[in-house]
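Enquirer: The following block contains the structure, expressed as structure tokens.
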Amino acid sequence: MARTYRQLARKYHPDMHKTQEAKAKAAERFTLIATAYEILKDDESRKDYDDMLDNPEAIYRHYYRYYRMRMAPKVDIRIVLAVTITVISAVQYYGAWHRYHAAIDHLITVPKYRLRAMEIAKKEGLFNPNKKKDRRRKEEIKEEEENTLKRILEEQVDIRGGYSKPTVRHVLWVQLVLLPYTIGSYLWWQARWFVKFNLRGEELGQPEKEYLIRRQMALSQSQWDALEERDRQGFFRDELWIPENFKVWKQKQEDEMKAKLAESARYKSYRRYMKNHGPGQITFED
């Protein structure tokens, strides 16, 4: 079919004719030949063409199929997926940096961290001792000192959890590349757990106890890392990896929360109102 198309294209191409009338007729035939070739060379469009011949009454449906194939962009799905993953990865990395700098901006306002950073800056001579001789504006000097304090905090403070310093390892692209390794590590970890603690009955270590506590509390690793050290140590001290101990601890937390609510003046007022008036009602009268 391609060879026949090339022969007809050479024969009816407008440039092959001399007079304007002949060129016009040839152009009309050439357009029909090109359209027929575009339809017949593709299996899907040829199927639609045969369906049109068998069902000429469904003319609008045929128009839709034709223009859908002619106008729809032919983009490789792999390119679309690659671009989508790249955009998501970029947004993830930018968001992580934004949260990290927001945490630094907050820490610089906390007196304990600010004073410690200022001590380090003065000790290392990072501040200009002769501010009076500095010809820059006070705003510029203050901004430079603030940036210096923030850099010190970035070096000295270990921020964990959702506000930790971002790494490319956590973006989607890298996660997909490492997916086989992640799955393999997870299967190995499950097999190791089964052999050591289910079959051999060995005693749980610190990482295993931490995992069980996190699982019962429904905490991710980053959420666990964001907890205060004294809170984590308290969980180990209460042996919360044991389900029975965790249930007692959880019930205690709920009771304490209820007691705090009961002591709240607003909550007391609300209970008093509900006791005297009951829940509000809406009635409709004809």
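Using my numbering, the letters of the sequence shown correspond one by one to residues 1 to 286. Glycine residues also receive a C-beta, built at the ideal position from the N, C-alpha and C atoms.
For my contact list, Trp241 and Ile213 are in at a C-beta cut-off of 8 Å; report their separation, rounded to the angstrom.
Expert: The residue given as residue 241 occupies position 241 in the sequence shown. The residue given as residue 213 occupies position 213 in the sequence shown. Between Ile213 and Trp241 the Cβ distance is about 5 Å, and since that is below 8 Å, they are a contact.
Enquirer: Please work out which residues of its chain come closer than 8 Å, Cβ to Cβ, to Leu178, disregarding the five sequence neighbours upstream and downstream, and give them in chain order.
Expert: For the purposes of this step, residue 178 is taken as the residue at position 178 of the sequence shown. So the list reads Arg169, once near-sequence residues are dropped.
Enquirer: Would Pro166 and Trp97 qualify as a contact pair, given that the criterion is a beta-carbon distance under 9 Å?
Expert: The residue you call residue 166 lines up with position 166 of the sequence shown. The residue you call residue 97 lines up with position 97 of the sequence shown. In this structure, Trp97 lies closer than 9 Å to Pro166 by Cβ.
Enquirer: In the structure shown, what three-state DSSP assignment does Trp249 receive?
Expert: The residue you call residue 249 lines up with position 249 of the sequence shown. Residue state, collapsed to three classes: helix.
Enquirer: DSSP on Thr109, reduced to helix/strand/coil?
Expert: Within the sequence shown, numbered from 1, the residue matching residue 109 stands at position 109. If DSSP states are grouped into helix, strand and coil, Thr109 belongs with coil.
Enquirer: One question on the structure: do Lys150 and Ile104 come within less than 9 Å of each other, judged by their Cβ atoms?
Expert: In the sequence shown, the residue the question calls residue 150 occupies position 150. In the sequence shown, the residue the question calls residue 104 occupies position 104. Yes.
Enquirer: Between Ala102 and the rest of its own chain, which residues show a CB-CB distance below 8 Å, the 5 nearest in sequence each way excluded?
Expert: Counting from one through the sequence shown, the residue named residue 102 turns up at place 102. So the qualifying residues of the chain are Tyr163.
Enquirer: Give the DSSP-derived three-state secondary structure of Thr31 in the structure shown.
Expert: Position 31 of the sequence shown, counted from the start, is the residue given in the question as residue 31. Here Thr31 sits in helix by DSSP.
Enquirer: Does the separation of the CB atoms of Ile352 and Leu153 fall below 9 Å?
Expert: Outside the shown range of the chain (1 to 286) lies residue 352, about which nothing can therefore be said.
Enquirer: Leaving out five residues before and five after Ala226 in sequence, what residues of the same chain have Cβ atoms less than 6 Å from its Cβ?
Expert: Taking the first residue of the sequence shown as position 1, residue 226 is located at position 226. Closer than 6 Å at Cβ, skipping near neighbours: Arg160 and Gly161.
Enquirer: With distances taken Cα to Cα, identify the nearest neighbour of Asn147 among Glu124, Ala117, Trp224 and Pro14.
Expert: Taking the first residue of the sequence shown as 1, we reach residue 147 at position 147. With distances taken between Cα atoms, Asn147 lies closest to Ala117.
Enquirer: Could you check whether Tyr93 and Val171 sit closer than 9 Å to each other, using their CB atoms as the reference points?
Expert: One-based indexing of the sequence shown puts residue 171 at position 171. One-based indexing of the sequence shown puts residue 93 at position 93. Yes, Cβ-Cβ distance for Val171 and Tyr93 is below 9 Å.
Enquirer: What are the start and end residues of the alpha helix (DSSP H) that includes Ala191?
Expert: To locate residue 191, count along the sequence shown from 1; it is residue 191. Looking at the DSSP string, the run of the alpha helix (DSSP H) that includes Ala191 is Leu179 to Trp193.
Enquirer: Is DSSP giving Ala259 helix, strand or coil here?
Expert: Working through the sequence shown from its first residue, we reach residue 259 at position 259. Of the three classes helix, strand and coil, the one that applies to Ala259 here is helix, per DSSP.
Enquirer: Should the stretch 199-217 be regarded as contacting the stretch 231-247, the criterion being three or more beta carbon pairs within less than 8 Å?
Expert: Output reads yes: the stretch 231-247 touches the stretch 199-217.
Enquirer: Let's test the definition: count the other Cβ atoms within 10 Å of the Cβ of Phe194 and tell me whether it reaches 16, buried, or not, exposed.
Expert: One-based indexing of the sequence shown puts residue 194 at position 194. Under this definition Phe194 is an exposed residue.
Enquirer: State the Cα-Cα distance for the pair Arg10 and Leu81, rounded to the nearest angstrom.
Expert: Position 10 of the sequence shown, counted from the first residue, corresponds to residue 10. Position 81 of the sequence shown, counted from the first residue, corresponds to residue 81. The straight-line gap from Cα to Cα measures roughly 41 Å.
Enquirer: According to the Cβ coordinates, are Lys41 and Ala2 closer than 9 Å?
Expert: Residue 41 sits at position 41 when you count from the first residue of the sequence shown. Residue 2 sits at position 2 when you count from the first residue of the sequence shown. Yes, these two residues count as a Cβ contact at 9 Å.
Enquirer: Can Leu204 and Phe197 be called in contact, C-beta distance under 9 Å?
Expert: The residue you call residue 204 lines up with position 204 of the sequence shown. The residue you call residue 197 lines up with position 197 of the sequence shown. Yes, the Cβ-Cβ distance between Leu204 and Phe197 is below 9 Å.
Enquirer: Do you know offhand how far Pro180's Cα is from Ala191's?
Expert: Residue mapping note: residue 180 aligns to position 180 of the sequence shown, counting from 1. Residue mapping note: residue 191 aligns to position 191 of the sequence shown, counting from 1. If I take the Cα positions, the gap works out to 17 Å.
Enquirer: Does the Cβ of Lys112 lie closer than 8 Å to at least one heavy atom of the ligand GDP?
Expert: With respect to the ligand GDP, the structure shown offers nothing to examine, as it has no ligands at all.
Enquirer: Rounding to the nearest angstrom, what Cα-Cα distance links Tyr113 and Lys123 in this structure?
Expert: Here residue 113 refers to the residue found at position 113 of the sequence shown. Here residue 123 refers to the residue found at position 123 of the sequence shown. Rounded to whole angstroms, Tyr113 to Lys123 spans 15 Å at the Cα level.
Enquirer: Cα separation between Tyr37 and Ser89?
Expert: The residue you call residue 37 lines up with position 37 of the sequence shown. The residue you call residue 89 lines up with position 89 of the sequence shown. Roughly 43 Å between the two C-alpha positions.
Enquirer: With DSSP run on the structure shown, which of helix, strand or coil describes Ile159?
Expert: For the purposes of this step, residue 159 is identified with residue 159 of the sequence shown, where counting begins at 1. Here Ile159 sits in coil by DSSP.
Enquirer: How is Ile242 classed by DSSP in three states: helix, strand or coil?
Expert: Residue 242 sits at position 242 when you count from the first residue of the sequence shown. It is coil, neither helix nor strand.
Enquirer: State yes or no: is the C-beta of Pro14 within less than 9 Å of the C-beta of Ala34?
Expert: Position 14 of the sequence shown, counting from 1, holds the residue named residue 14. Position 34 of the sequence shown, counting from 1, holds the residue named residue 34. Not closer than 9 Å, so no.
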